[in-house]
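Residue numbers (my numbering): 497 to 1444.
The structure is reproduced here in structure tokens:
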């Protein structure tokens, strides 16, 4: 009874608050899954089946504890005979006011999975609807009673009775759900009304409107007016057009001085259309529109408002862990902002998204590729025609929608290609994602050198609608810079769409125990974000690579005059609209001895950006204060005209040896250090620090300070080379004790110096001697070096965190060096498995490789120690990330790590996704070694502080 009364009250209030000539919209369900209403419900099979209870609407019934979960690759890796096929039964009582009698009443469903039969007062109101991603409606005027109770019954089949619908929607690489997962509402309109509007609003202010008029009569006119959605700007005069009295009308209007829509300047207008008879308004509708002109030029490009565009896009599922495909306006706002925060301007779906997502894409500015579902199989022609009409009718007026997709990876039906234009006055192009079709090449997961008469070597406009696959974050950022720069060399390149936005890990209402979220192993862990939008490392890589402000390479030296070369990578926007702030940062000398010591801003200010049109490069200049070189690193932050941060770039102000000297604590000690040998062991002692080296291996075997033994041992073990001890020499240099170990092989020698105050200095020289007196071809060559350096053992147990100076805070790979910046990073220990630790998903991850390592304080209780690098461009390897436990074969979680636990390296491996590394770009390839006689070798100099 409570549910019934709520609907009565809402209905009456909603109806009486509306003017008579406007459409009255009455919510029967909640507006989204975060604001649901309660309906009666029963499910036929699976959890909690067979009995009537209640359910939140909208929702997916699995998330409400009903039925059975199924992932769409049930027929492949999951080796199931068939998917779950339960049916759901819904009931709701509602009442319409008596004053609505004589009006037209329609019921609307935003989306139901998958087949739907609707009854009102015991009578079926129309044919069964097939297809789970589309908005549909029924005219129920003749089925409802006014001023008294009505019964709504909805019968939902999770598995369609039409085979092609199941093949298109439910044999797919995504979760399969059931239920009324988008809102349900009534619309009440006068008998003669505007039933549908499809507009084509051009950049010059011209507007064509295709109208469907229900029950047309004589002497009808349409009065059209527009006003800026912002409420500011020019006032536009209303215009009227006479109608012919037909059910389908095409009319035109023109307004001067409109502001155009594009993703960088998403100017929107409210279009109001008043249907009038003899001067009296009998019905009124409003649409949000944007004035923009799309021009699809084969063998040239895609133009918006006369500008050739490049789409920086991502593929997004409508998904939330606690809602399945039932989402909310709040989530749409969050997601569009996250997409924009990555400096993206485009998004693609595998089915029509929520309408509120498109509204947000319109208002914040994104290009949208709107797709008819069909993962790898198409709808039959009859069903496809109906679903295309429903899709286009709903989405046609969104300026964000610029392209229709028909299916995915073979999921198209050629008989349906011409159906889109029947409902779209803008005549957007129709593409077949992954195919080279009709002049548009959208090949999926290309190699770096794709292809023979394709892409950059071809003649068709190309934009891969899927690339840089992101399972376990192993391919989104890794290699992106190479691919993007390579493709951008071609004038035919129109952009690309990364796969994918989020890890689709759904809350399992049927699971007990600690694990609660399920991504079906590696099948749905594809995102640049976690399921609750946790930012993985590639998020920031994309943010830098796709930033509309691009810096030419720059190193700060003593000749630095404050100047940088900057390129404008916007499509429509001048760089003079961007705000640029600089900060000179100075870290305290005690940073690594007093954790949590914050760096201070030594100097800050604003940099004026000159008039720079898209594609142009200009010099910008910041003031260089007298104390500039007292700073440690420089930060430049760009903010766009809407207040959104574009990116923060950083540069070190000094070289590594400067920082090592600054940060390591030096004490005055009168007693000299000493070096002694006892059999195969060398002991270096300085103050309270004792370090033992094995003369046969050259490895550290033991380290003690005054109170504790520190288990940093079994190194330096060479990585990517071989070395054998040749001889050991002990000596004294002033108060310091020296042990020099000479090697045969890749390492020439290592000089260990124990300082009197207990500091330990390691100076390594590798790859020095060619072994020949000369050689035009090189005296020594070795290819495919993807790991090179030295490594040590250190127990992971007891590690609490690290204070790290270098580029962070995320770990990295050799082909993912963007999105990490210089700073002092306080990192707490965690055991996050990227894309899998959903119950405790802590980012940034702790373990892995860190670039441009300069200093670190590893906090491990009594085992703590500090290390400082005198060598630039050094990678720190900090333990080995745990492998994903649930990945399927071919998921390529990560390349192998070297022996040991803590390593210092000049080469680290690249990360791969679908394609092997040899099919990716230059930064993914291993290095090679080529040494000639006279080469001085490669130095690696480190300071260790094992003192208390």
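Yeah, the Cβ is synthetic: ideal placement off N, Cα and C, and Gly gets one too.
These numbers were taken from a predicted model, which means no experiment stands behind them.
The Cβ atoms of residue 1111 and residue 1069 do not sit closer than 9 Å to each other. Note on the segment 938 to 967: there is no whole alpha helix (DSSP H) run with a minimum of 4 residues.
For the pair residue 749 and residue 767, the Cα-to-Cα distance works out to about 11 Å. Taking residue 609 as reference, the option from 764, 982, 558 with the minimal CA-CA separation is 558.
Residue 1054 sits exposed, since fewer than 16 C-beta atoms from the chains shown fall within 10 Å of its C-beta. Take residue 1138, set aside five residues on each side of it, and no residue of its chain has a beta-carbon closer than 6 Å to its own.
For the segment 741 to 791, the full-length beta strand (DSSP E) segments reaching 3 residues or more read 744 to 750, 765 to 773, 776 to 785 along the chain. Distance between residue 1367 and residue 1396, taken at the CA atoms: about 21 Å. Runs of beta strand (DSSP E) with 3 or more residues, each lying fully within the segment 538 to 613, are found at 549 to 553, 583 to 591, 600 to 605, listed in chain order. Residue 1378 and residue 988 have their C-alpha atoms roughly 42 Å apart.
Judged by beta-carbon spacing, residue 1006 lies within the 9 Å limit of residue 565, meaning their Cβ atoms are closer than that value. Distances from the alpha-carbon of residue 827 to those of 842, 847, 851 put 851 closest.
Under DSSP, residue 1213 shares a beta bridge with 1287. With a beta-carbon spacing of about 7 Å, residue 1409 and residue 964 fall inside the 8 Å limit used to define contacts. By the CB criterion at 9 Å, residue 1352 and residue 1362 fall inside the cutoff.
Three or more Cβ pairs drawn from the segment 577 to 595 and the segment 645 to 661 lie within less than 8 Å of each other, which places the two stretches in contact. Taking the Cα of residue 996 as reference, the smallest distance to any Cα among 779, 1252, 1019, 1218 is reached at 1019.
Between residue 919 and residue 1095, the C-beta gap is not smaller than 9 Å, which leaves the two residues out of contact. Distance check between residue 834 and each of 1056, 753, 1030, 676 places 1030 closest, using alpha-carbon atoms only.
In the structure shown, residue 661 falls within a helical segment according to DSSP collapsed to helix, strand and coil.
In chain order, 944, 952, 1417 place their CB closer than 8 Å to the CB of residue 982, counting only its own chain and leaving out the 5 sequence neighbours on each side. When C-alpha distances from residue 968 are compared across 977, 1011, 1015, 1099, the shortest belongs to 1015. Taken in chain order, the complete alpha helix (DSSP H) segments of 4 residues or longer contained in the segment 622 to 691 are 659 to 665. Within the model, the alpha-carbon separation for residue 902 versus residue 1032 is close to 31 Å. A straight line joining the alpha-carbon of residue 1122 with that of residue 1085 spans about 20 Å. Cβ contact annotation for residue 782 (same chain, cutoff 6 Å, sequence separation greater than five): 766, 768, in chain order.
9 Å or more divides the Cβ of residue 703 from the Cβ of residue 745. Inter-residue distance for residue 524 and residue 595 is about 19 Å (C-alpha atoms, whole angstroms). Relative to residue 632, the option among 888, 846, 667 whose CA is nearest is 888. Taking residue 548 as reference, the option from 1081, 539, 577, 737 with the minimal CA-CA separation is 539.
Excluding sequence positions up to five before and after residue 1357, its CB lies within less than 6 Å of the CB of 1294, all in the same chain and listed in chain order.
By the criterion of at least three beta-carbon pairs nearer than 8 Å, the segment 797 to 817 is not in contact with the segment 708 to 717. In chain order, 1071, 1072, 1074, 1076, 1116 place their CB closer than 7 Å to the CB of residue 1105, counting only its own chain and leaving out the 5 sequence neighbours on each side.
Between the C-alpha atoms of residue 665 and residue 629 there is a straight-line separation of about 9 Å.
Nearest to residue 815 by C-alpha distance, out of 1382, 728, 1025, is 1025. Residue 1304 places its beta carbon 9 Å or farther from that of residue 1239.
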